[in-house]
Each structure stands twice: as C-alpha cells, then as structure tokens.
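Residue numbers (the working numbering), protein chains in the order written: chain A, 24 to 345; chain B, 24 to 345.
Ideal Cβ positions, reconstructed from N, Cα and C, are used throughout, including at glycine.
Since the structure is predicted, the reported quantities are computational estimates derived from the model, not experimental observations.
Here it is, written out as structure tokens:
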C-alpha cells in the first residue's frame, strides 16, 4: 500500500485530535483510500500541554524546518494558529512541493490570494475545511456538489463561544458577564475572549465563505463587525416578546451583482432554522439559485470535530494525489 | 475549452430542471471546471409533458440507444425512474464506457452492487447524489470530507410528501385523509401516494445511505418499514402533549458491530434538530465517531434542487475525468 507521509505543525488541542484520528481510525482510512496515513514528524512548542493523544518522542521536533523542508514529508498540516509565522510556514511548505492542510481561519482570511495562488503556482493542494465551522463539511459542499449554483446568500452562526453565551442568556435569563465567566470556567471561552465576543473570529470565517461562494477576497478588517458585548438581558427579553431570537450572524448576500456583508447580532424569527441552533453548535445557511435553501449544522470546534475535517482534507489529497 | 457531451435519459420534471441548470448556469460551470457541458441528446418519451425548459427538437429522441450506444456521449444522466429498464440502461451505458449520473433511488437501492461493481469494472464514474435528499449534499459528504469517521448512526427525514402531511396534521390539527387530498391537489403528493406514505421511498433512500455509511447493501425489501397511514390526529395530539413530534424517520445504527435499521413514524423530542424540519423539507442527521452530530437540511425534491445535485455530479466528473 502507498504511504502518505504527514508532518503536523502544532500539537495542541487540534493537533492532538488530528493525531488521534489518524492513529485510531487508520484502518478505515486505509480501506477508503488505499493509502496509509503516516505521521512522521510533529512540531511541538509547549512542552507540557495536555492533549487527547500523546506521540512517541522520536516524532517530536521544535524546529519547523524538520517538517517544512523535510524531503520525506508529503502533506503539511498547519495547526499553530495566528497569521504569522503560520502563513510563511504554509507558503514555504508549498514552495517545497508539499500539499498543505490548514485549520487556520485568521491566516487564510488575511492571506487568501497569496496562499491559493502559491498552491496553484506550485501545483500542490491547499485545503482548509476545518477553518470554517469545524467538523461541518460546508466548504467542501460549496466547492463540490453545489457548484452548479450561483450563490445568493450565506448566513452562519460561525462562532460557538458567542452562540453558547447567547443561548444561556436566553434560556436561563442570565446577564452577559455572568455567562461569560461560566463559559470561561467550562473552557467554552478563552481567558481573553476578545476575538470571539467582538465577532473577529466570525469575520475571519465569513471572509473565507465569501471567497469560496462569491470568488471575492474581502479582508476581515473590511467586514463591518459588531460583537455581542453590547447585548443586554433586556434586549434578549424584548426579542423573545416579539417572537424572535438574537444570534450572532455572519452574512453575505448578492444584491444587484454586488456582495454585501457584515457580522452582527441579528434578530431571527423563531421559526428560522438558524434560530434553533443552540449552545456551542454552529450552522451555515446557504441559498443557491437552483438548490434553494440548505443548512449545515454541527460542531464548529473541538479537537475531534476539527480533526475530522482536517483528516477529511488529508483523505481528499490521498485519493487524488497518491 | 474541453467539452463534456451529455445525454439525458428522461425529460420530465427532473430532466427539465437539469437541462435548465446546464443551460442557464453554463458560464459559472465553465468557470469553475474549465469544461463546457453540452447536452447533445435527450430521451423524451411523453410527447406533451410540461417542464421547466424546452429543448430544440433536434436534441430529442425516442430511442435510448441514441444515447447509451452513442459514441459521442461522455456522460449519461438517468432520470427515468423505476427499477427497469433504468438499471439495464445504466449498465449498458457503463459497458459502453460512459460515466453515469443517476437520481433513481429505486434502481440504485435494488441493484447497488451490480451498478457500483460494473462502474468499477469499466473504470467509469457512477454518481447519484440526487437519489437521496434531493439537493442536499449528504452523499458527497459521507464519501468525502467525513471519511475519517466510523459512522455510528444515520437518521433522516427522507421523504418530503410524508413530512408535509405530518406537519399539516400537527400545525393545523387536520386528519390524515384531508391533508393527503390537499397535498395531492398542490402537487406535493402523487395521485397514487403509496410509495411515499407507506415508507417505500424512504426505505430506498435509507438503503443507499446504509451502503455508503456502513459499506453494506441491504435491499429495501429487507428494511422493516412502517408508513404514516396509521397515524391519527389523536396520536399527534398525544405526542404534542408529551413535548414530542411524530416524524417519519429512516434510521440505521451501528450496535455491537451490527447495523440495525428501520423506517417508521418516530417520536422525537421537540428540541431534537430533526423535530424542527417542517413541510416538504428533508434532513439527514449523521453521527460520526469523531465529528459527533451533524445535520444536513434542505429541499429533498423538485426539479431545480434535484437538478442541482445532478449537475454537481456532472461537474465532479468534468473536474476529474476531463
């Protein structure tokens, strides 16, 4: 059986989840692809972080070049997050002839054209299903089975932390500060929650959705973005009284040939499919000119859902390039 | 630009929808694939049926061999429905070296191994996204971005007619017979509704989902199937009073290494994502060992949603084989 040699850049939550899937589900992956996935090197920076699955110390390195410039590596999986050095690592890996899989919405949203053009120039695959809505296969659907459509609108609950906070504020009638604190204690929100609660994370994901659906790169800084820090219990009550729910929505619509976009708390009718998406779940509501309305729903974060999407991209490359 | 020459077997509702998409969205398809889709022949049997889009009479034929045995045709799209002669047509087309796209759940569920094995033997593509849940890209997701998962359970609202009837019975408190009659008048139910209301259509789709998720072909006749004809207004009321909804569910679960399956009216908790799927909409709820729970929601029937899935398959072939 052929072997795909994989290097993991990053070994935190998502790296651990990805390694666990490639190890634990190796047999089913081999059966479905005819190729063996073999992780040959892992970039690990923090020495003592907990993760889902540990790896043999012979696989670990602290030098990114042991992966990016390693002639043995076929596929580089970038899971370190942040715009730099992640973008440079991905570009260098592509230039060294490696396929790249990434979960890094910030880097892709900021440098979409650079990354996709470099992949094209060096004839390597660049896949990033995990960067939007975690385990939900929405990017693959937009660029695969839905491609006969002109897309009309994309609306999404793209951030699990804020959806969890809004759900608790609504269901348990609690104020924002209290729910945020609880979410931080449970690990659903970061110690510094700014990127989530200010809508920045959602804007990164919306930027990627716009690029794929409308073939237009809008830098996330150019997306009008309002987070949920201004939402009060009174707002939530008022919404409920008028039969609506408040959700943090990233939305892009085609109007007269122009794409309009924004991230903002939005009143949705209680019967709208997105209104029923609760807690940490994500969902993307897509309207195509032919297929009509679709919704994709599932877990937008977490080591295993995100790892599932990453491994789906690895499988895609194994099927098409090995 | 390269050209993919397409023959359409069937020119009813779905055939008309598919032809409309290939014509109206030709530019976007060319841009996304680098290949021109060209319909060169259409099998039309009923002379005067209304459809979404008419075709030049030079394209029409009443002889299936003008498509199946036509050396010019690259891709045969089978949309005539029923088990035979559709299965024979597909097998003959594959043996003549043509890729086959089909929307025909009855033929695929009955002859899954014959059709997939013939495609493999003759090294042609055989794709059938439209056969389950119409425009919703669930089959492509199971066999693509979700392939790193062992599937644990698949549950679906797979038939729009019965979901429409149950929704009306629930929301408007009407008896089965009255709602069925109204659905027939509106075109949401066939004059002979047996295949829908007895669960046969859902069993066909469940058979295909089982084949893809669990690599096991269960003939639909072997799936325990109960339809909705026995559901009374009292049943619906009793369900509502206990905080539940009745939905016709096709379900397959892995338990101790065995796949269990059935189609039956099922009580769902009101908070289950499938409980919110109303009217003629379909949805498939998938649980994978890594990704957790996902739901795919959208239009399960209709010329354009079904045509969207068919054209997605055509695009897949154009990208991989041209």
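Closest by C-alpha distance to residue i, when choosing among the options
i, options, result
"residue 162 of chain A", "A:277, A:343, A:325, A:318", "A:318"
"residue 102 of chain B", "B:344, B:329, B:135", "B:329"
"residue 35 of chain B", "B:49, B:52, B:78, B:336", "B:78"
"residue 247 of chain B", "B:269, B:283, B:300", "B:283"
"residue 244 of chain A", "A:252, A:230, A:235", "A:230"
"residue 21 of chain A", "A:312, A:343, A:325, A:266", "With chain A represented from 24 up to 345, any question about residue 21 of chain A goes unanswered, as that position is not in the structure."
"residue 249 of chain B", "B:302, B:295, B:221, B:65", "B:221"
"residue 235 of chain A", "A:112, A:297, A:136", "A:136"
"residue 189 of chain B", "B:279, B:266, B:298", "B:298"
"residue 171 of chain A", "B:158, B:172, B:176, B:263", "B:158"
"residue 223 of chain B", "B:129, B:195, B:306, B:253", "B:129"
"residue 280 of chain A", "A:263, A:62, A:193, A:239", "A:239"
"residue 314 of chain A", "B:309, B:321, B:308", "B:321"
"residue 206 of chain B", "B:185, B:84, B:104", "B:185"
"residue 89 of chain B", "B:110, B:62, B:104, B:76", "B:62"
"residue 340 of chain B", "B:52, B:42, B:262, B:32", "B:52"
"residue 346 of chain B", "B:43, B:85, B:33", "Because chain B spans 24 through 345 in this model, residue 346 of chain B falls outside it and cannot be assessed."
"residue 176 of chain A", "A:85, A:275, A:296, A:194", "A:275"
"residue 104 of chain A", "A:145, A:33, A:57", "A:33"
"residue 199 of chain B", "B:257, B:344, B:278, B:145", "B:257"
Whole-number beta carbon distance between residue j and residue i, since they are thought to touch under 8 Å
i, j, result
"residue 323 of chain A", "residue 183 of chain A", "5 Å"
"residue 180 of chain B", "residue 302 of chain B", "The pair is not a contact, with the Cβ atoms about 11 Å apart (cut-off 8 Å)."
"residue 338 of chain B", "residue 74 of chain B", "22 Å between Cβ atoms; not a contact."
"residue 237 of chain B", "residue 174 of chain B", "6 Å"
"residue 64 of chain B", "residue 30 of chain B", "4 Å"
"residue 260 of chain B", "residue 291 of chain B", "Not a contact, Cβ separation roughly 16 Å."
"residue 28 of chain A", "residue 97 of chain A", "5 Å"
"residue 335 of chain B", "residue 160 of chain B", "7 Å"
Delimiting residues of the alpha helix (DSSP H) encompassing residue i
i, result
"residue 326 of chain A", "326-344"
"residue 44 of chain A", "36-47"
"residue 183 of chain B", "183-194"
"residue 201 of chain A", "199-209"
"residue 144 of chain A", "135-144"
"residue 110 of chain A", "109-118"
"residue 260 of chain B", "256-264"
"residue 231 of chain A", "223-237"
Extent of the continuous beta strand (DSSP E) run through residue i
i, result
"residue 175 of chain A", "174-180"
"residue 292 of chain A", "281-292"
"residue 310 of chain B", "304-311"
"residue 32 of chain B", "25-32"
"residue 275 of chain B", "267-278"
"residue 317 of chain B", "315-322"
Outcome for residue i when other beta-carbon atoms lying within 10 angstroms are tallied against a minimum of 16
i, result
"residue 242 of chain A", "exposed"
"residue 108 of chain A", "exposed"
"residue 116 of chain B", "buried"
"residue 126 of chain A", "buried"
"residue 143 of chain B", "exposed"
"residue 46 of chain A", "exposed"
"residue 255 of chain B", "exposed"
"residue 24 of chain A", "exposed"
"residue 217 of chain B", "exposed"
"residue 262 of chain B", "buried"
Cut-off 6 Å between Cβ atoms - residues of its own chain near residue i, not counting five sequence neighbours on either side
i, result
"residue 94 of chain B", "none"
"residue 133 of chain A", "106"
"residue 147 of chain A", "117, 122"
"residue 228 of chain B", "128, 155, 181"
"residue 26 of chain B", "59, 61"
"residue 178 of chain B", "272, 274, 308"
"residue 193 of chain A", "259"
Chain-order list of residues whose beta-carbon lies under 7 Å from that of residue i (same chain, five-residue window excluded)
i, result
"residue 91 of chain A", "99, 112, 115, 116, 119"
"residue 197 of chain B", "191"
"residue 225 of chain A", "181, 182, 271, 273, 286"
"residue 212 of chain A", "184, 203, 206, 219"
"residue 83 of chain A", "65, 67"
"residue 265 of chain A", "none"
"residue 296 of chain B", "308, 318"
"residue 131 of chain A", "125, 138, 151, 154, 231"
"residue 345 of chain B", "25, 27, 58"
Neighbourhood of residue i by C-beta distance below 8 Å, restricted to the same chain and skipping five residues each side
i, result
"residue 37 of chain B", "102, 126, 153, 326, 329, 330, 333"
"residue 165 of chain A", "174, 232, 235, 236, 309"
"residue 300 of chain B", "180, 186, 270, 306, 320"
"residue 289 of chain B", "269, 270, 271, 272, 274"
"residue 110 of chain B", "130, 133, 134, 137, 138"
(message) Give me the subset of the segment 44-63 of chain A whose CB atoms are less than 7 Å from a CB atom of chain C, sorted by chain position.
(response) No chain C appears in this structure, whose protein chains are A and B.
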